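**Student:** This structure is in structure tokens; I'll ask about it shortly.
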Amino acid sequence: MKVLVTGASGFLGGHLCKSLLLQGYSVRAFVRPTSNLNSLPSITDNAGLELTYGDVTDYPSLLEACSGCQIIFHAAALVEPWLPDPSKFFSVNVEGLKNVLEAFREIKTVEKIIYTSSFFALGSTPDGFVPNETQVHNEKFFCTEYERSKAIADKIAMKAASDGLPILILYPGVIYGSGKLTAGNVVAHLLIERFNWRLPGYIGNGNDKYSFSHVDDVVNGHIAAMREGRIGERYLLTGENASFKDVFNLASSITRTQRPWFHIPFWALEAYGLLSVLVARIMGKLPLLSPPTVCVLRHQWAFSCEKAKMELGYNPRSLKEGLEEMLPWLKSSAAMVKSKSPYEDLRSQRIEENKKRIEDLKLNHLAINFKNSSPNSSQVKQSKPRVLVQKKLEFVQVRRSNRLSDKPAPVYEEVFVYEYARRRSVNGFSKPRAIPLGDFPIASEIDRESATTKAVNVEKDIGGDGFPCFVKPMLHSHVNRGFWLGLPAYFCRKYLPKRDETITLVDEVGEEFPTNYLALKNGLSGGWMWFALAHDLIDGDALVFQLVEPTKFKIRIIRANGSQDERNGEASS
Numbered sequence: 017m018k019v020l021v022t023g024a025s026g027f028l029g030g031h032l033c034k035s036l037l038l039q040g041y042s043v044r045a046f047v048r049p050t051s052n053l054n055s056l057p058s059i060t061d062n063a064g065l066e067l068t069y070g071d072v073t074d075y076p077s078l079l080e081a082c083s084g085c086q087i088i089f090h091a092a093a094l095v096e097p098w099l100p101d102p103s104k105f106f107s108v109n110v111e112g113l114k115n116v117l118e119a120f121r122e123i124k125t126v127e128k129i130i131y132t133s134s135f136f137a138l139g140s141t142p143d144g145f146v147p148n149e150t151q152v153h154n155e156k157f158f159c160t161e162y163e164r165s166k167a168i169a170d171k172i173a174m175k176a177a178s179d180g181l182p183i184l185i186l187y188p189g190v191i192y193g194s195g196k197l198t199a200g201n202v203v204a205h206l207l208i209e210r211f212n213w214r215l216p217g218y219i220g221n222g223n224d225k226y227s228f229s230h231v232d233d234v235v236n237g238h239i240a241a242m243r244e245g246r247i248g249e250r251y252l253l254t255g256e257n258a259s260f261k262d263v264f265n266l267a268s269s270i271t272r273t274q275r276p277w278f279h280i281p282f283w284a285l286e287a288y289g290l291l292s293v294l295v296a297r298i299m300g301k302l303p304l305l306s307p308p309t310v311c312v313l314r315h316q317w318a319f320s321c322e323k324a325k326m327e328l329g330y331n332p333r334s335l336k337e338g339l340e341e342m343l344p345w346l347k348s349s350a351a352m353v354k355s356k357s358p359y360e361d362l363r364s365q366r367i368e369e370n371k372k373r374i375e376d377l378k379l380n381h382l383a384i385n386f387k388n389s390s391p392n393s394s395q396v397k398q399s400k401p402r403v404l405v406q407k408k409l410e411f412v413q414v415r416r417s418n419r420l421s422d423k424p425a426p427v428y429e430e431v432f433v434y435e436y437a438r439r440r441s442v443n444g445f446s447k448p449r450a451i452p453l454g455d456f457p458i459a460s461e462i463d464r465e466s467a468t469t470k471a472v473n474v475e476k477d478i479g480g481d482g483f484p485c486f487v488k489p490m491l492h493s494h495v496n497r498g499f500w501l502g503l504p505a506y507f508c509r510k511y512l513p514k515r516d517e518t519i520t521l522v523d524e525v526g527e528e529f530p531t532n533y534l535a536l537k538n539g540l541s542g543g544w545m546w547f548a549l550a551h552d553l554i555d556g557d558a559l560v561f562q563l564v565e566p567t568k569f570k571i572r573i574i575r576a577n578g579s580q581d582e583r584n585g586e587a588s589s
């Protein structure tokens, strides 16, 4: 049996194709020529997978894709809370469905159409009431243009069912889970913002209910509808009804991190959304938050899936089970912290797409030549080197006692002490002022520069891991007496907690050292001394800090050459 899946490159469509292939079906994936195919399995490894390029708004390409197929899964949709041109929602979500139905009428081989609608098509639900498939959108108010387009398409699908077309309508809830980070995977996006401290509190009062559906459960519901579903019926493929407050609390419990401690009022979110839309119109980018999104968050969207449980054997997992499966993927995929620029993300994405297409064309000898080379990075800003000056100690001949007048005059040995010449402003003029550094090993400027350069190279090498990092050269105050380590202010503001926290330092052999992070001072205090002493750090060494978790750094130590030789000599003696 050959199955056509529209929207196969999307979050849900990619999972659906994989599951159908595992169960032995021949799958024809209908994708756009510009689609990112990372969510689909490789054609070379799956003989039952066939790629067909086109668009649901282009009827000839859709008609060609439907030819020879017995089942159509119409999962293609434009899922965005806001677009500068709302007509795109209707051309894809409404006209696309009309094209699928028209192709069915022209091609006689199709036996069943499974149409993926949305819980938005049914409208919001009153507080304290959990409706089923009998609810129909009142069409009096729409939070988003996406909701309006899905409600119109839902009426078209129900009209087709009443006319005798073999169509089933499925209504997933808020789909979440591991996989492609599309606009439809809203739970993953909110958790990323939450754990990166860009969303520090609960959304609104946090008590409005939503019906959360794990993507694997929704896929199982689609396949069960193909096998067991009754023609013309509607099935809600929803899950546990919970609030986003419950989502954040469960995620904090699973990851053992601190829960949000305040609520962000809706008026503040609306103001931010209006500003984001204004900036989006000027910059030509989609906003992170928009007024339609805030409108959705103000309402309740709780539904019952009892009908799907009874007729399809639909068995959704609990929200806790779904998050326990999703959060490790979210952490391992490096999505929690992004350090690349949008240009670098787009460039890497295009390289992967080209490599996959060349492999699909069996031009492996060309695919090998594609490498993930990164563009030349800008030169690292270097501060002016501090001048190391040599100062001769001056001794004054003091008057000798009469008791020592008959003894030879003392002989003094000349000693040179190295000091850093620092400049300070005196009455508006900059004058050098020497500050003694005491009796401890000092790396030469050449060794210091060498260690810093090596550390910068290490930072570039590990930067592709997706975790942010920075280089910190060691000074006397860092490794002797004071034992205070100041961190870059921009890094602290962007990635580290906003309040005092225990941050763990992990060395290259995996040993952990807990330290006290002071948020107001942007530095490490208690515990840093033990790390510095345990690793024999001295002035001139360079450390590469890599944030592998919200409160955990992996440290790579680059020794200054001269200071390293001195330490080796002391150890051997």
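For what it's worth, our numbering labels the leading residue of the sequence shown as 17, then goes sequentially.
By construction, the Cβ of each residue, glycine as well, lies at the ideal position given by its N, Cα and C atoms.
Owing to the predicted nature of the structure, the values given are computational and were not obtained by experimental measurement.
Output the distance between the C-alpha atoms of residue 537 and residue 324, rounded to the nearest integer angstrom.
**Tutor:** Here the question's residue 537 lines up with position 521 in the sequence shown. Here the question's residue 324 lines up with position 308 in the sequence shown. C-alpha separation (whole angstroms): 56 Å.
**Student:** Nearest to residue 347 by CA position, among 212, 556, 247, is which residue?
**Tutor:** To locate residue 347, count along the sequence shown from 1; it is residue 331. Ranking the options by Cα distance to residue 347, first place goes to 212.
**Student:** So is residue 272 buried or exposed if we call it buried at 16+ other beta carbons inside 10 Å?
**Tutor:** Within the sequence shown, numbered from 1, the residue matching residue 272 stands at position 256. Label assigned to residue 272: exposed.
**Student:** Rounded to whole angstroms, what is the Cα-Cα separation between residue 207 and residue 532?
**Tutor:** By one-based count along the sequence shown, residue 207 stands at place 191. By one-based count along the sequence shown, residue 532 stands at place 516. Spanning the two alpha carbons is a distance of roughly 26 Å.
**Student:** Please say whether residue 30 and residue 51 have beta carbons closer to each other than 7 Å?
**Tutor:** Against the sequence shown, residue 51 aligns to sequence position 35. Against the sequence shown, residue 30 aligns to sequence position 14. Cβ distance not < 7 Å, so residue 51 and residue 30 don't count as in contact.
**Student:** Would a C-beta distance cut-off of 7 Å place residue 259 and residue 223 closer than the cut-off?
**Tutor:** To locate residue 259, count along the sequence shown from 1; it is residue 243. To locate residue 223, count along the sequence shown from 1; it is residue 207. Taking 7 Å as the Cβ cut-off, residue 259 and residue 223 qualify as a contacting pair.
**Student:** How about the segment 460–468 and the segment 503–512: do they share at least three Cβ pairs that are nearer than 8 Å?
**Tutor:** no
**Student:** Which runs of the alpha helix (DSSP H), 4 residues or longer, sit entirely within the segment 463–498?
**Tutor:** 492–495
**Student:** Figure out for me which residue from 267, 93, 248, 238 has the closest Cα to the Cα of residue 198.
**Tutor:** Here residue 198 refers to the residue found at position 182 of the sequence shown. Looking at the Cα atoms, 93 is the closest of the given residues.
**Student:** Nearest-angstrom Cα distance between residue 290 and residue 307?
**Tutor:** Residue 290 sits at position 274 when you count from the first residue of the sequence shown. Residue 307 sits at position 291 when you count from the first residue of the sequence shown. Roughly 6 Å separates the two Cα atoms.
**Student:** Please state the DSSP three-state secondary structure of residue 209.
**Tutor:** To locate residue 209, count along the sequence shown from 1; it is residue 193. Residue 209 falls in the helix class under three-state DSSP.
**Student:** Within 10 angstroms of the Cβ of residue 283, are there 16 or more other Cβ atoms? Answer buried if so, exposed if not.
**Tutor:** Residue numbering aside, residue 283 sits at position 267 when the sequence shown is read from its first letter. Looking at its Cβ environment, which holds fewer than 16 other Cβ atoms inside 10 Å, residue 283 is exposed.
**Student:** Judging by CA-CA distance, which residue of 161, 80, 134, 47 is the nearest neighbour of residue 100?
**Tutor:** Counting from one through the sequence shown, the residue named residue 100 turns up at place 84. Of 161, 80, 134, 47, the residue nearest in Cα terms is 161.
**Student:** Quick check: what's the CA-CA separation for residue 83 versus residue 123?
**Tutor:** Here residue 83 is taken as the residue at index 67 of the sequence shown, counted from 1. Here residue 123 is taken as the residue at index 107 of the sequence shown, counted from 1. Our two residues, residue 83 and residue 123, have alpha carbons roughly 7 Å apart in a direct line.
**Student:** Just the Cα atoms here: how many angstroms apart are residue 383 and residue 373?
**Tutor:** Walking along the sequence shown from the start, residue 383 turns up at place 367. Walking along the sequence shown from the start, residue 373 turns up at place 357. Unreliable positioning characterises residue 383 in this predicted model, as indicated by a pLDDT of 48, which lies under 50. A coordinate reading is not provided.
**Student:** Assuming residue 186 contacts residue 133 (C-beta within less than 8 Å), just tell me the rounded distance between them.
**Tutor:** Residue mapping note: residue 186 aligns to position 170 of the sequence shown, counting from 1. Residue mapping note: residue 133 aligns to position 117 of the sequence shown, counting from 1. With 8 Å as the limit, residue 186 and residue 133 qualify as a contact, their Cβ atoms being about 6 Å apart.
**Student:** What is the DSSP secondary structure of residue 271, reduced to helix, strand or coil?
**Tutor:** Here the question's residue 271 lines up with position 255 in the sequence shown. Residue 271 falls in the helix class under three-state DSSP.
**Student:** Would residue 191 and residue 140 be called neighbours here (beta carbons separated by less than 7 Å)?
**Tutor:** Within the sequence shown, residue 191 is the residue found at index 175, counting from 1. Within the sequence shown, residue 140 is the residue found at index 124, counting from 1. Their beta carbons are not under 7 Å apart, which means residue 191 does not touch residue 140 by this criterion.
**Student:** Out of 86, 195, 200, 472, which one is the CA nearest neighbour of residue 560?
**Tutor:** As a first step, residue 560 must be located in the sequence shown, where it is residue number 544. The option with the nearest alpha carbon to residue 560 is 472.
**Student:** I'd like to know if the segment 113–128 and the segment 147–164 are in contact, where contact means that at least 3 CB-CB pairs between them fall below 8 Å.
**Tutor:** no
**Student:** Taking all protein chains shown into account, decide if residue 103 is buried (16 or more other Cβ within 10 angstroms of its Cβ) or exposed.
**Tutor:** Taking the first residue of the sequence shown as 1, we reach residue 103 at position 87. Exposed.
**Student:** Which full runs of the alpha helix (DSSP H) of 4+ residues lie inside the segment 246–300, going along the chain?
**Tutor:** 260–271, 282–299
**Student:** Could you tell me the boundaries of the alpha helix (DSSP H) in which residue 31 lies?
**Tutor:** Here residue 31 corresponds to residue number 15 of the sequence shown, with the count starting at 1. Per DSSP, residue 31 belongs to the alpha helix (DSSP H) from 27–38.
**Student:** Residues bridged to residue 316 by DSSP?
**Tutor:** Position 300 of the sequence shown holds residue 316. According to DSSP, residue 316 bridges with 141.
**Student:** Could you compute how far the alpha carbon of residue 353 sits from the alpha carbon of residue 507?
**Tutor:** Within the sequence shown, the letter at position 337 stands for residue 353. Within the sequence shown, the letter at position 491 stands for residue 507. Low per-residue confidence applies at residue 353: pLDDT is 46, beneath 50, and the placement is therefore not dependable enough to give any value.
**Student:** Count the other CB atoms within 10 Å of the CB of residue 434; is the residue buried (16 or more) or exposed (fewer)?
**Tutor:** Start at 1 with the first residue of the sequence shown, and residue 434 comes out as number 418. Note on residue 434: pLDDT 44, under 50, position unreliable in the model; the coordinate value appears next. Label assigned to residue 434: exposed.
**Student:** Under a Cβ-count criterion, where at least 16 other Cβ atoms within 10 Å of its own Cβ denotes burial, should residue 17 be classed as buried or exposed?
**Tutor:** Taking the first residue of the sequence shown as position 1, residue 17 is located at position 1. Around the C-beta of residue 17, fewer than 16 other C-beta atoms lie within 10 Å, and the residue is accordingly described as exposed.
**Student:** Does the distance from the CB of residue 534 to the CB of residue 516 come in under 7 Å?
**Tutor:** Within the sequence shown, the letter at position 518 stands for residue 534. Within the sequence shown, the letter at position 500 stands for residue 516. Against a cut-off of 7 Å, the Cβ pair of residue 516 and residue 534 comes out as a contact.
**Student:** Classify residue 68 as buried or exposed, calling it buried when 16 or more other Cβ atoms lie within 10 Å of its own Cβ.
**Tutor:** For this step, residue 68 is matched to residue 52 along the sequence shown. That one is buried.
**Student:** Around the C-beta of residue 142, are 16 or more other C-beta atoms found within 10 angstroms, so that it is buried, or is it exposed?
**Tutor:** The sequence position of residue 142 within the sequence shown is 126, counting from 1. Result: exposed.
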